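Enquirer: The structure that follows is given in the form of structure tokens.
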Amino acid sequence: MTVIILIAAPEGLRGHLTRWMVEVSAGVFVGTPSRRVRERLWELLSDRIRDGQAVMTEPADNEQGWTVRTAGHDRWYPVDYDGLVLSARLRRHTPPTTP
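Going letter by letter, the sequence shown gives residues 8 to 106 in this note's numbering.
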């Protein structure tokens, strides 16, 4: 099973994904496309996402049984931690406060 999540995506991408997958909630798509279709969809998403974000989880031969890809303005990004894929978020630098 493949899951794609679109955040702040340009118009048209959601409509394009509904040709291949089911939109179960706003911006959340679920389906079982072939590897070839999945690769083509990811090329399209990564080229057109602009300032939005796309996250795709797909089947993989690893301990978890899946892997994740991100494109666009990455608020979250995958990190391999001893074979376990976790989601990390960049820290925002805040200047120290003076007493």
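For every residue, glycine included, the Cβ atom is placed at its ideal position computed from N, Cα and C.
Computed from a predicted structure; not experimentally measured.
By a C-beta neighbour count over all protein chains shown, 10 Å radius and 16 as the cutoff for buried, is Met63 buried or exposed?
Expert: Met63 should be labelled buried.
Enquirer: Determine which residues share a DSSP beta bridge with Glu65 and list them.
Expert: Answer by DSSP bridge pairing, in chain order: Thr74.
Enquirer: Would you tell me roughly how many angstroms separate the C-alpha atoms of Leu52 and Ala78, rounded to the nearest one?
Expert: If you take the alpha carbons of Leu52 and Ala78, they lie about 8 angstroms apart.
Enquirer: Thinking just about the alpha-carbon of each residue, which of Val75, Asn69, Gly34 and Trp73 is nearest to the one in Glu18?
Expert: Cα-wise, what sits closest to Glu18 is Gly34.
Enquirer: Just to confirm my understanding: we take Gly38, look at its own chain, exclude 5 residues before and 5 after, and list those with CB closer than 7 angstroms. What are they?
Expert: So the qualifying residues of the chain are Thr9, Trp27, Met28 and Val29.
Enquirer: So the alpha helix (DSSP H) Asp54 belongs to, where does it begin and stop?
Expert: Asp54 -> alpha helix (DSSP H) spans Arg42 to Arg55.
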